[in-house]
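K.L.:
Protein chains in written order, with our numbering: chain A, 149 to 495; chain B, 207 to 599; chain C, 2 to 189.
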């Protein structure tokens, strides 16, 4: 060590630092690396406190700035704790890293609060996130960041986000759930009983799917709908002309009232469907059965299917009526506004 | 109200086991009671959802305990479920006053792990915008600290400048607060035409207006009476707590990673780090204000240096950091922002720890508040500049 | 409120009364996160919502008519927000400012974030954006003022509110193939 001690005028290199630590702490220092410009020293849990103490008090090292302390999930081996120290006099940085004793069930790591005051909150945070116990810490409870009655340790890898289990990723692809070939990794939902709103979302999604399915069936049967089917409908019944997509009368009226095109179109669509329901409601169901080519007796499954369709139909009707009602309400309230403005002008 | 427990009636969100009863001390006719005063989580003096429980003997604070976590949004967990592009959108939201500097750190950490060479022009532009962002942040605190001390006008001045700077940054990035302009390997897009001219003009304009703040706030008698000598912080305590940024500079330690561990191109220009002497509230505010001028100096140097060339590199189809871990820190407006990025070679980080300046700085508050009077407590609390999202993440 | 909650006011009186109410909204800013900065920006000289009759100097919830929840609401904070809302006197209005307050925003999958302030208190106007520009807040305030002008105070005090407004939901989407909202743009 004499050659190291002789060079007090400059900062120690990582190799010299490791040699110094090994000299003082012996086999408590396990290994070191300087990958990615980060000098990391692995310390045995027994030497954790002593290593930090040495780093602070040894005048050659003089790590006086406590930068941060964090936990890392180390899979089956339990958890790691990393302390990052910095020296304002030499400009060196060291990352001390240790593996907690006690595995995943009861991870324990000695506290550094008596060496660095800044370790206090950092250790509380690590306890809050990983459930690592720090003997010697003045008080890890109450939990520093999460809500007081929070259950689980959020940053452990076996803590799954309930929202992600209950609700699919809204984007195009799911970054965390795809493997290298781009295949979706199937993950069993491990958190049971997702909170209320998501159940609601799921129910709504199912309902929407049922409505869509019944609409598709109907379109196939009736031959109404999109342009593609309109061109193909010539081959089919001549008397059933391709119905227009929306009620032109309502559409024109709404446009004249100054509504936006999109609103007018959607309302006109609803109006048309309403008219069709009122005019020839019975053609829909009967037509589709014939279209299927029913020379066989309808089986039980088909019957169930038909019942399901009917139910979906009824549900959809109800939804549309409700939509139409609210639409009218909106109209009424919209009309109220210009009236009020008039009054304002008069006043 | 019926669904709130009695404890929550006393104080919303208080932790279990916390009692706000009066502790009787002394005996006989001299019995007095220490009072516990809970400020926050929604209180004008704490700018943000930050709560502090003061123990008081009369007007004097005998103990203080910050209660944090009201803005904990679980960033570190969410980052493990997002890839390196998507993290950017979250990372610039934790400290909402310095969005650009936040995303810069992540980009630099990933680039370091992927051993990526970033074009010179991109690095200079990153510095330029980071310095503008620093001024943007400091202006906000100049306004809010003055409000806490009872002066409402500086806020309006500060926001006049802020709007100008936001307008400038918006022309390049499209965002007012959250820029999302960095990307791994460079920048999203080059600066728009005329940006440099506007930047130069704005720099001159703000340089002309900085003396106004010296006159309006720093030179104000009331301001000085309320801050000089209030809440001094010794440098060794500050370092042991991990305090950085203007709060550390005020104690006389010129520790600034732009100087001591230069990243980007900070090594090629002169960076002035203003320091204080006593580490009191006045010095903290002085450092904040002086850093605006220092940043303007840097901006002017960048204008002279900015080279031509590309601003981004060709990226692989999927950005994946190789297996390993790195720790990188940058000088955020409020102090040093460190990222511990650990990757298992996948598309998402295995662990992304954010060491935020506010978290460490706020730890100093119990030390600072001990023994001060209640009105001074507000002056001290405001002078340890923090953003609540930066504490809780 | 005296007789206001007992009888329906005559139309002219109601008009003048609502006109007065809508231009003196004492506003309590519940600044939680990034959006609070944009709220402050909206209150300062460049955008200046005081010209719309919104006064951002309410000393506390008990003096406020309007609560602007700007920012991410966490589970830890939720009881305090509910309590502050309950401290406000009727009639009271809530603007949910920003995506986080609307629905959780970018923190939709977080373990500690309440997915929308409307899970704990009723909201009158939703202002989308992350964060919304100050102009969007001005827009939201004007929408709220329209709502106040239309409503009946008696109904309001009895707890019957008009449907909440979502800003921007009336605008046509860029792609015409996207499905239209059934109720003409207003959120259900």
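All residues carry an ideal CB built from backbone N, CA and C; glycine is no exception.
Can you tell me which of the three DSSP states residue 262/B falls into?
P.N.:
As a working mapping, residue 262/B is identified with position 56 in the second chain. Residue state, collapsed to three classes: strand.
K.L.:
Does residue 290/B come within less than 9 Å of chain C when only Cβ atoms are used?
P.N.:
Working through the second chain from its first residue, we reach residue 290/B at position 84. With 9 Å as the cut-off, residue 290/B does not count as an interface residue toward chain C.
K.L.:
I think residue 268/B touches residue 277/B, with their Cβ atoms under 8 Å apart; what is that distance to the nearest whole Å?
P.N.:
Your numbering for residue 268/B matches position 62 in the second chain. Your numbering for residue 277/B matches position 71 in the second chain. That belief does not hold up - the Cβ atoms of residue 268/B and residue 277/B are roughly 28 Å apart, past 8 Å.
K.L.:
Note down, in chain order, every chain B residue with its Cβ under 9 Å from the Cβ of residue 32/C.
P.N.:
Counting from one through the third chain, the residue named residue 32/C turns up at place 31. Here the neighbours are 248, 253, 254 and 255.
K.L.:
Can you tell which of 68/C, 40/C and 34/C has the C-alpha that lies nearest to the C-alpha of residue 27/C?
P.N.:
As a first step, residue 27/C must be located in the third chain, where it is residue number 26. Selected option, being the one with the closest Cα: 68/C.
K.L.:
When you compare the region 401–413 of chain B with the region 229–242 of chain A, are there three or more beta-carbon pairs, one atom per stretch, that lie closer than 8 Å?
P.N.:
The region 401–413 of chain B vs the region 229–242 of chain A: no contact.
K.L.:
Taking contact to mean at least 3 C-beta pairs separated by less than 8 Å, is the region 463–475 of chain B in contact with the region 279–288 of chain A?
P.N.:
These segments do not touch.
K.L.:
Name the one or two DSSP bridge partners that residue 538/B has.
P.N.:
Here residue 538/B corresponds to residue number 332 of the second chain, with the count starting at 1. Its beta-bridge partners are 541/B.
K.L.:
Specify, as a first and last residue, the run of the beta strand (DSSP E) that residue 31/C falls within.
P.N.:
Looking up residue 31/C in the third chain gives position 30. It spans 26–32 - the beta strand (DSSP E) in which residue 31/C sits, taken as one unbroken run.
K.L.:
Which whole-angstrom value is the C-beta distance of residue 62/C and residue 88/C, which I expect to be below 8 Å?
P.N.:
Looking up residue 62/C in the third chain gives position 61. Looking up residue 88/C in the third chain gives position 87. Indeed, because the Cβ distance is near 4 Å, the residues count as touching under 8 Å.
K.L.:
Checking contacts by CB at 9 Å: is residue 227/B closer than that to chain C?
P.N.:
Counting from 1 along the second chain, the entry for residue 227/B is found at position 21. Reliability of the predicted coordinates at residue 227/B is poor, the pLDDT of 49 falling under 50, and the value obtained from them is presented with this limitation in mind. So, not an interface residue.
K.L.:
Do three or more CB pairs link the region 308–321 of chain B to the region 348–363 of chain B at distances below 8 Å?
P.N.:
No, they do not touch.
K.L.:
Would you call the region 557–567 of chain B and the region 284–301 of chain B touching, i.e. three or more CB-CB distances under 8 Å?
P.N.:
Judged by Cβ distances under 8 Å, the region 557–567 of chain B makes contact with the region 284–301 of chain B, as three or more pairs qualify.
K.L.:
Could you pull out every unbroken beta strand (DSSP E) segment of at least 3 residues lying fully inside the region 233–321 of chain A, listed in chain order?
P.N.:
Runs of the beta strand (DSSP E) inside the region 233–321 of chain A: 241–247.
K.L.:
What is the C-beta distance between residue 178/A and residue 192/A, in whole angstroms, given that I count them as a contact (C-beta under 8 Å)?
P.N.:
As a first step, residue 178/A must be located in the first chain, where it is residue number 30. As a first step, residue 192/A must be located in the first chain, where it is residue number 44. Going by Cβ atoms, the distance from residue 178/A to residue 192/A rounds to 6 Å, so yes, they are a contact pair.
K.L.:
If contacts are defined as beta-carbon pairs under 8 Å, then residue 310/A and residue 460/A qualify, I think. What distance do you get, rounded to the angstrom?
P.N.:
Translated into the one-based positions of the first chain, residue 310/A becomes position 162. Translated into the one-based positions of the first chain, residue 460/A becomes position 312. Contact doesn't hold; Cβ gap of about 30 Å is too wide.
K.L.:
Express the C-alpha separation of residue 274/A and residue 217/A in angstroms, rounding to a whole number.
P.N.:
Numbered from its first residue, the first chain carries residue 217/A at position 69. Numbered from its first residue, the first chain carries residue 274/A at position 126. Distance between the alpha carbons of residue 217/A and residue 274/A: 8 Å.
K.L.:
For the alpha helix (DSSP H) holding residue 101/C, just list the boundary residues, first then last.
P.N.:
Here the question's residue 101/C lines up with position 100 in the third chain. Residue 101/C -> alpha helix (DSSP H) spans 100–104.
K.L.:
What's the C-alpha gap between residue 531/B and residue 319/B?
P.N.:
Taking the first residue of the second chain as position 1, residue 531/B is located at position 325. Taking the first residue of the second chain as position 1, residue 319/B is located at position 113. Going by the C-alpha atoms only, they are around 8 Å apart.
K.L.:
With distances taken Cα to Cα, identify the nearest neighbour of residue 370/B among 48/C, 20/C and 36/C.
P.N.:
The count along the second chain starts at 1 and reaches residue 370/B at position 164. The shortest Cα separation from residue 370/B among 48/C, 20/C and 36/C belongs to 48/C.
K.L.:
Counting only beta-carbon atoms, is residue 159/A nearer than 9 Å to chain C?
P.N.:
Counting from one through the first chain, the residue named residue 159/A turns up at place 11. Answer no: the Cβ-Cβ gap between residue 159/A and chain C never drops below 9 Å.
K.L.:
Since residue 127/C is in the beta strand (DSSP E), which residue starts that stretch and which ends it?
P.N.:
Residue 127/C sits at position 126 when you count from the first residue of the third chain. Counting along the chain, the beta strand (DSSP E) containing residue 127/C begins and ends at 126–128.
K.L.:
Hey, out of 470/B, 500/B, 254/B and 358/B, whose CA is closest to residue 477/B's CA?
P.N.:
Position 271 of the second chain holds residue 477/B. For residue 477/B, the nearest C-alpha among the options comes from 500/B.
K.L.:
Opposite residue 70/C in the DSSP bridges: which residues?
P.N.:
Translated into the one-based positions of the third chain, residue 70/C becomes position 69. In DSSP, residue 70/C forms a bridge with 31/C and 97/C.
K.L.:
Using a Cβ cut-off of 9 Å (strictly closer), state whether residue 127/C contacts chain A.
P.N.:
Looking up residue 127/C in the third chain gives position 126. Residue 127/C does not count as touching chain A.
K.L.:
Give me the subset of the region 543–575 of chain B whose CB atoms are less than 9 Å from a CB atom of chain C, sorted by chain position.
P.N.:
Taking 9 Å as the Cβ-Cβ cut-off against chain C, none of the residues of the region 543–575 of chain B qualify.
K.L.:
Suppose the cutoff is 8 Å on Cβ atoms and the five residues either side in sequence are ignored; what does the same chain contact list for residue 586/B look like?
P.N.:
As a working mapping, residue 586/B is identified with position 380 in the second chain. So the list reads 436, 437, 487, 571, 574, 575 and 578, once near-sequence residues are dropped.
K.L.:
Could you compute how far the alpha carbon of residue 183/A sits from the alpha carbon of residue 543/B?
P.N.:
One-based indexing of the first chain puts residue 183/A at position 35. One-based indexing of the second chain puts residue 543/B at position 337. Distance between the alpha carbons of residue 183/A and residue 543/B is about 20 Å.
K.L.:
Just how far apart, CA to CA, sit residue 247/B and residue 103/C?
P.N.:
For the purposes of this step, residue 247/B is taken as the residue at position 41 of the second chain. For the purposes of this step, residue 103/C is taken as the residue at position 102 of the third chain. When rounded, the distance between both Cα atoms is 21 Å.
K.L.:
Have a look at 164/C, 157/C, 170/C and 120/C and flag the residue whose alpha-carbon is nearest the alpha-carbon of residue 8/C.
P.N.:
As a first step, residue 8/C is located in the third chain; it is residue number 7 there, counting from the start. The residue with the shortest Cα to Cα distance from residue 8/C is 157/C.
K.L.:
Can you list, in chain order, the residues of its chain with a C-beta nearer than 6 Å to that of residue 505/B? Leave out the 5 residues immediately preceding and following it.
P.N.:
On the second chain, residue 505/B is found 299 positions in, with the first residue counted as 1. 337 and 409.
K.L.:
Can you have a look at residue 30/C and say buried or exposed, based on whether 16 or more other CB atoms are within 10 angstroms of its CB?
P.N.:
On the third chain, position 29 is the one that residue 30/C refers to. So residue 30/C counts as buried.
K.L.:
Does residue 283/B get closer than 9 Å to chain C when you measure Cβ to Cβ?
P.N.:
Residue numbering aside, residue 283/B sits at position 77 when the second chain is read from its first letter. Chain C, which has a Cβ nearer than 9 Å to the Cβ of residue 283/B, makes this yes.
K.L.:
Just to check my reading of the structure: residue 447/B and residue 566/B have Cβ atoms closer than 8 Å, yes? What is that Cβ distance to the nearest angstrom?
P.N.:
Locating residue 447/B in the second chain gives position 241, counting from the first residue. Locating residue 566/B in the second chain gives position 360, counting from the first residue. Indeed they touch by this definition, with Cβ atoms about 6 Å apart.
K.L.:
Just how far apart, CA to CA, sit residue 168/A and residue 176/A?
P.N.:
Here residue 168/A corresponds to residue number 20 of the first chain, with the count starting at 1. Here residue 176/A corresponds to residue number 28 of the first chain, with the count starting at 1. Near 12 Å, if we compare the C-alpha coordinates of residue 176/A and residue 168/A.
K.L.:
For residue 263/A versus residue 170/A, is the C-beta distance shorter than 9 Å?
P.N.:
Working through the first chain from its first residue, we reach residue 263/A at position 115. Working through the first chain from its first residue, we reach residue 170/A at position 22. Going by C-beta atoms, residue 263/A is not nearer than 9 Å to residue 170/A.
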